[in-house]
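S.K.: Before anything else, here's the structure in question.
Protein chains: 2
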Amino acid sequence: MSGDTEGTRLDPWLDSYASRALAMRASEIRALFAVANRPEVVSLAGGMPYIAGLPLEEIADTMRRLIVERGATALQYGSGQGDEELREQIVEVMKLEGIHAHPDDVVVTTGSQQAVDLVTTIFINPGDVVIVEAPSYVGALGVFRAHEADVVHVPMDEDGLIPESLDETITRLKAAGKRVKFLYTVPNFHNPAGVTLSLERRPKIVEIARRHGVLILEDNPYGLLGFDSEPLPAMRSLSEDGVIYLGSFSKTFAPGFRVGWAVAPHAVREKLVLASEAAILCPSNASQMAISSYLAHHDWLGQIKSFRVQYRERRDAIIEALEEHIPAATWTVPAGGFYTWVRLPEGLDAKSMLPRAVTARVAYVPGTAFYMDGRGADHMRLSFCYPTPERIREGVRRLAGVVDAEMELVKIFGTGTDRGGETVSFPSPDVA
Amino acid sequence: MSGDTEGTRLDPWLDSYASRALAMRASEIRALFAVANRPEVVSLAGGMPYIAGLPLEEIADTMRRLIVERGATALQYGSGQGDEELREQIVEVMKLEGIHAHPDDVVVTTGSQQAVDLVTTIFINPGDVVIVEAPSYVGALGVFRAHEADVVHVPMDEDGLIPESLDETITRLKAAGKRVKFLYTVPNFHNPAGVTLSLERRPKIVEIARRHGVLILEDNPYGLLGFDSEPLPAMRSLSEDGVIYLGSFSKTFAPGFRVGWAVAPHAVREKLVLASEAAILCPSNASQMAISSYLAHHDWLGQIKSFRVQYRERRDAIIEALEEHIPAATWTVPAGGFYTWVRLPEGLDAKSMLPRAVTARVAYVPGTAFYMDGRGADHMRLSFCYPTPERIREGVRRLAGVVDAEMELVKIFGTGTDRGGETVSFPSPDVA
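Here is the structure:
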């Protein structure tokens, strides 16, 4: 669909690629998303934050002052580990989730996506096991696939990752002689599942991982975006040596600067810096200092509170619309973040239905994108972060029309629609 | 020296690292550079451009307008391949070196360092051969080492890479059953050697690579910074299918935005985009649009001409100072760019001399950093891009004192100083 197959056939360098590159192919749904990005389509697909909620004039003035007053630094190369002032501010931000870290423990990255890539680079040989939730974040799965990891899913329920299942899975894998390197988990307002790891499960997960000698990679872009309560303590607050914590300004401020970070045990942190220097030399001083100035001169916590109100209103809009228009489906009700995970009525396939949805001018991400093992066709991820509540309601109405038509077909022809098949191979900004 | 060994000994995750991470260690000279960055030290070490030469007030106004007028895009996620308007401008920039490309061929990266990393990611399995010049850019060597490539140096002379030596080396490696994947080359104002690949050699290199089925990775950050003549045609202008061309705004505008690019044959370009999405999701919209606005609203070519005049004056200062103060050494006289490559008098070791130089308040990069095979102790790289001509002269005076004292020691104790040993393992912004 994307023309990639044809391009590959004509590729004069086809015999030269590394083995990891052979697994790289454009997602089948990529071409579809090009259509889905047209303004007439209500996109419930992308994880793009509601940037229009930011005080752009004030941010513009801050940027201007930054270049005038400190341009000779902002426009220059910086440190591979990241700007020291920003790392100090990051330490303050993390205190909101119970984390006590030193600025030396922090590595600034080009979005937390780069942090996932760096951790995978330093820990994963081809065939090593990475444990992830079922489902898991598509962008992380893309990294693990690019490193030829063996990705194993562990079930979740409404309280997040199930500790007993984690314990059993690791025990089974180790008994089979596998090298289980780390658990990748999104504990808060999960992407795509919308659930949160409960307070009581957090020490259990940490204990299980420690007992098995498995590192935890705690990816937490949404932790400060809870609608109803204060942030839960991060797992990093329970274990300094056993957890690499990843944070990001993409959802609490703006993704356009590409600034995230990792907090890691000392020796790991040193390797992350070396790997980052090999990958990008250093993160952007201009971006880092823009974020740093924003934190210093703006009411960033007030802005997060304002985002919470806006996203909560959108969450309410999408849940109410689902109740009204697609009662035959079931879904999670997220207490924060950007996503609800919708289970379609029996017999429907989210992936084969997507072209019809886009034709009806509504887009989502089929559940297959969030699994490495072909599951997920019975689910879809709906994002409520970007469109207005009114557009969200219109989008769900359009989606309901497509679902109703599909259910009619299923009634007539049975449940024999195509299942499984391709997953979304690589992350894309459309499904961040 | 950096405490890394001790940290590793205490590392609870020591047994978990991937094989590639075991090769990662901090350079021995990193701790020294922390000292070298003090203001009282004249640093002839770093490749930092002369940012103070930029019109900061005007750039600040451009940034302000960008956020006010297009903030909702600049602060949002963007395309994995990069901003379309910027890619169109990049095509225009490359016409100055005879390159005719389509914006679809361009992938925007987080500095051209990321482009080197992406190309290596998609082509190199552990043990595959990368051919590089002798010496070669330390930052690229760090990438190749991180991917466990087998790096083979090919000699240069004052006209750059020697075609016959390249042909012989590839022939010999292939006869030995090695997989030679690509040639990494810096054709213009070489880092660190300061030489330029002659016009007549360019088609020869392209022909040799094509005959052997070896891809060329043409890294060209300095091409527009010639002091005496117009840019030579890029090798990419001679071969569209056989060359991946890398460009950067770090030296012609500012490194603080971390914006570079790759131009690649179609199928390779597609894989570069997929690899980049796995690594960072997308490059920074804010950075890309800042560069794009700069190109659209400022006399960027006039600025480059002004940089040329400034760097030429500094080149003259360093060459004159070397002639006056260290006549026992020899050096290249670069026709552009940032570096001269200095051969020390017989018996001197640039690496063991470095601590004494830093004590005398002058810093350089020892030649060992630019080889993977332990060579280079008889050379040093001197950068003339950052300090003023007056500081450059003072730096060379200080260096002369150190060299004279070393020569005295050699006279008394012979040439038995320590040679070879560690190379600079990883790139660092200090030696960009």
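Chains A and B supply the protein sequences, listed in that same order.
The numbering used here numbers the first residue of the first sequence as 1 and each following residue consecutively.
The numbering used here numbers the first residue of the second sequence as 1 and each following residue consecutively.
Think of the CB as a built atom: it goes at the ideal place given N, C-alpha and C, for glycine as much as any other residue.
With 8 angstroms set as the bound, which would you pick, yes or no: does the beta-carbon of TRP13 of chain A sit closer than that to a beta-carbon of chain B?
M.R.: Chain B, which has a Cβ nearer than 8 angstroms to the Cβ of TRP13 of chain A, makes this yes.
S.K.: So, with DSSP's three-state summary, where would you put PHE384 of chain B?
M.R.: Of the three classes helix, strand and coil, the one that applies to PHE384 of chain B here is coil, per DSSP.
S.K.: So, is SER292 of chain A buried or exposed, given that buried needs 16 or more other C-beta atoms within 10 angstroms?
M.R.: When all chains shown are included, SER292 of chain A counts as buried.
S.K.: In chain order, what residues of the same chain have a beta carbon less than 6 angstroms from the beta carbon of ASP150 of chain A, not counting five sequence neighbours either side?
M.R.: For ASP150 of chain A, where only same-chain residues beyond five positions count, the Cβ hits under 6 angstroms are GLY127 and VAL129.
S.K.: For TYR184 of chain A, which beta-bridge partners are listed by DSSP?
M.R.: For TYR184 of chain A, which the question treats as bridged, DSSP gives the partners A:VAL132 and A:LEU217.
S.K.: Beta-carbon separation of ALA134 of chain B and TYR371 of chain B under 8 angstroms?
M.R.: Yes, these two residues count as a Cβ contact at 8 angstroms.
S.K.: Does SER19 of chain B come within less than 8 angstroms of chain A when only Cβ atoms are used?
M.R.: Yes - at least one Cβ of chain A is within 8 angstroms of the one on SER19 of chain B.
S.K.: Measure from the C-beta of ARG488 of chain B to each C-beta in chain A and report whether the shortest distance is under 8 angstroms.
M.R.: Nothing in the structure corresponds to residue 488 of chain B, since chain B is present only between 1 and 432.
S.K.: So, using beta-carbon positions, are VAL396 of chain A and HIS325 of chain A closer together than 8 angstroms?
M.R.: Contact flag set, yes.
S.K.: Between ASP61 of chain A and chain B, is there a C-beta pair that is closer than 8 angstroms?
M.R.: Output row for ASP61 of chain A: interface = yes.
S.K.: Using the Cβ count rule (16 or more neighbours within 10 Å means buried), how would you classify PRO221 of chain A?
M.R.: So PRO221 of chain A ends up on the buried side.
S.K.: If you follow the alpha helix (DSSP H) that GLY395 of chain B is in, where does it begin and where does it stop?
M.R.: Looking at the DSSP string, the run of the alpha helix (DSSP H) that includes GLY395 of chain B is 389–413.
S.K.: From the DSSP secondary-structure annotation, give me the bridge partner or partners of THR368 of chain A.
M.R.: Bridge partners of THR368 of chain A: none, in fact.
S.K.: So ILE124 of chain B and THR169 of chain B are in contact, right, with Cβ under 8 angstroms, and what is the actual spacing, rounded?
M.R.: So it is not a contact: roughly 18 angstroms between Cβ atoms.
S.K.: Alpha carbons only, please: which of B:ILE51, B:GLY242 and B:TYR294 is nearest the one belonging to LEU14 of chain A?
M.R.: Minimum Cα distance to LEU14 of chain A is reached at B:GLY242.
S.K.: Tell me where the alpha helix (DSSP H) around HIS212 of chain A begins and ends.
M.R.: Segment 201–212, the alpha helix (DSSP H) holding HIS212 of chain A.
S.K.: Within 8 angstroms of any Cβ in chain B, is that where the Cβ of PHE123 of chain A sits?
M.R.: True, the Cβ-Cβ gap to chain B drops below 8 angstroms.
S.K.: With distance defined between alpha-carbon atoms, name the residue in A:ASN191, A:GLY337 and A:GLY226 nearest to GLY367 of chain A.
M.R.: Out of A:ASN191, A:GLY337 and A:GLY226, A:ASN191 has the C-alpha closest to the C-alpha of GLY367 of chain A.
S.K.: Along the segment 205–239 of chain A, where does the CB come closer than 7 angstroms to a CB of chain B? Name the residues.
M.R.: Taking 7 angstroms as the Cβ-Cβ cut-off against chain B, the residues of the segment 205–239 of chain A that qualify are LEU215.
S.K.: Shorter than 8 angstroms from the beta carbon of GLU270 of chain B to some beta carbon of chain A?
M.R.: Closer than 8 angstroms: yes.
S.K.: Can you name the residues of chain A whose CB is closer than 8 angstroms to the CB of LYS181 of chain B?
M.R.: Going along chain A in sequence order, the residues near LYS181 of chain B (Cβ under 8 angstroms) are SER16.
S.K.: Since ASP241 of chain A meets chain B, which of its residues come closer than 9 angstroms, beta carbon to beta carbon?
M.R.: PRO12 and TRP13, listed in chain order.
S.K.: For TYR17 of chain B, which of helix, strand or coil comes out of DSSP?
M.R.: Coil at TYR17 of chain B, not helix or strand.
S.K.: Just to confirm the assignment, what range does the beta strand (DSSP E) spanning THR332 of chain B have?
M.R.: No beta strand (DSSP E) contains THR332 of chain B, which DSSP labels as neither H nor E.
S.K.: Excluding the 5 residues preceding and the 5 following VAL410 of chain A in the sequence, name in chain order all residues of the same chain whose CB lies nearer than 7 angstroms to its CB.
M.R.: These residues qualify, in order along the chain: GLY347 and LEU348.
S.K.: Please state if the CB of GLN288 of chain A and the CB of ASP83 of chain A are separated by a distance shorter than 8 angstroms.
M.R.: Yes; because the gap between Cβ atoms is below 8 angstroms, this pair is in contact.
S.K.: Reducing DSSP to helix, strand and coil, say where TYR339 of chain B ends up.
M.R.: Note: TYR339 of chain B maps to strand in three-state DSSP.
S.K.: Closest Cβ-Cβ distance between ILE280 of chain A and chain B: below 8 angstroms?
M.R.: For ILE280 of chain A, the answer is yes, since a Cβ of chain B falls inside 8 angstroms of its Cβ.
S.K.: At the 8 angstroms Cβ level, is ASP299 of chain A part of the contact set with chain B, yes or no?
M.R.: No, because no Cβ of chain B sits closer than 8 angstroms to the Cβ of ASP299 of chain A.
S.K.: Short of 8 angstroms Cβ to Cβ, which residues in the segment 282–314 of chain A face chain B?
M.R.: Listed by position along the chain: CYS282, PRO283, SER284, ASN285, ALA286, SER287 and ALA290.
S.K.: Please name the residue, chosen from A:PRO55, A:GLY111, A:LEU382 and A:ARG356, that lies closest to ASP219 of chain A on a Cα-to-Cα basis.
M.R.: Of A:PRO55, A:GLY111, A:LEU382 and A:ARG356, the residue nearest in Cα terms is A:GLY111.
S.K.: Looking at the strands, I want to know which residues DSSP matches up with GLY177 of chain B.
M.R.: Answer is none; GLY177 of chain B lacks a bridge partner.
S.K.: Is the segment 356–367 of chain B touching the segment 294–312 of chain B, taking contact as three or more C-beta pairs under 8 angstroms?
M.R.: No contact exists between the segment 356–367 of chain B and the segment 294–312 of chain B.
S.K.: Hey, would you say VAL108 of chain B sits closer than 8 angstroms to PRO283 of chain B, going by beta carbons?
M.R.: Cβ distance < 8 angstroms, so VAL108 of chain B and PRO283 of chain B count as in contact.
S.K.: For LEU199 of chain A and TYR339 of chain B, what's the separation of their Cα atoms in angstroms?
M.R.: Near 57 angstroms, if we compare the C-alpha coordinates of TYR339 of chain B and LEU199 of chain A.
S.K.: So what's ILE291 of chain A in DSSP terms, helix, strand or just coil?
M.R.: Residue state, collapsed to three classes: helix.
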